[in-house]
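In numbering that gives the first Met the number 0, the protein residues as written are 0 to 162.
Report on one structure; see the data block that follows.
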Amino acid sequence: MTAVPRSSARVVLIDASDRVLLLKGVDPARPDTPIWHAPGGGIDPGELPEAAARRELAEEVGLTADELGPIVWTRHVQFSFDGTEYDQDEVYFVLRVDSHRVDNSGHTELERRYLTDHRWFSLDELRAVTELVAPPDFSERLAELIAVGPPVSPVEVAGAVLP
């Protein structure tokens, strides 16, 4: 089966207490395998990555951001979702906020089916998560972001979390 090429943009959203907001998603084809991940999603044709990330933030968590911080991570991953194979390139922007109360009223139909929960995690709480987290080295990379700030150039993070 040929994988569908896809590009996505995500946001590492960090609050004033150095907690990160993650969303819990469940692939309809794998309902027993939830994955925690940063807000974000596919880049539409003709859309710039930052515009896609801002759109996804508004849809998924109800946050309007005029501009984002820099791209801090990149990732290449191959995965399946709802029976379709994808070959995806991702960029991760960083955004610091004082706080934010999640509003999921802007979810698309797919997001209503796929996204099941959200949570602000401290670094220690994230390290203790027993469910899958994407990317798999999220906690290590987040620790670097919190300790030293954004890298001079984007860092390649780990790929797949599922076989």
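For glycine and all other residues, C-beta sits at the position ideal for the given N, C-alpha and C.
Taking 8 Å as the cut-off, the Cβ atoms of residue 67 and residue 132 do not count as close. For residue 59, the enclosing alpha helix (DSSP H) starts and ends at 48-60. By alpha-carbon distance to residue 61, the top candidate from 74, 101, 6, 33 is 101. Beta-carbon to beta-carbon, residue 156 and residue 136 are separated by about 6 Å, close enough to satisfy the 8 Å threshold. Residue range 131-133 is occupied by the beta strand (DSSP E) that includes residue 132, with no alpha helix (DSSP H) assigned at that position. Assigned with DSSP and collapsed to three states, residue 74 falls in strand. Rounded to whole angstroms, the separation of the alpha carbons of residue 34 and residue 71 is 21 Å. Between the region 143-151 and the region 2-22, the count of Cβ pairs shorter than 8 Å is three or higher; the stretches touch. DSSP, reduced to helix, strand and coil, places residue 11 within a strand of the structure shown.
With fewer than 16 other beta carbons inside 10 angstroms of its own, residue 82 counts as exposed. Excluding five sequence positions before and after residue 88, the CB atoms of its chain that fall closer than 6 Å to its own CB belong to 6, 75, given in chain order.
Taking each of 149, 99, 41 in turn and checking the Cα distance to residue 18, the smallest one comes out for 99. The residues 6, 7, 8, 48, 51, in chain order, have a CB closer than 7 Å to that of residue 42 in the same chain once the five nearest residues on each side in sequence are set aside.
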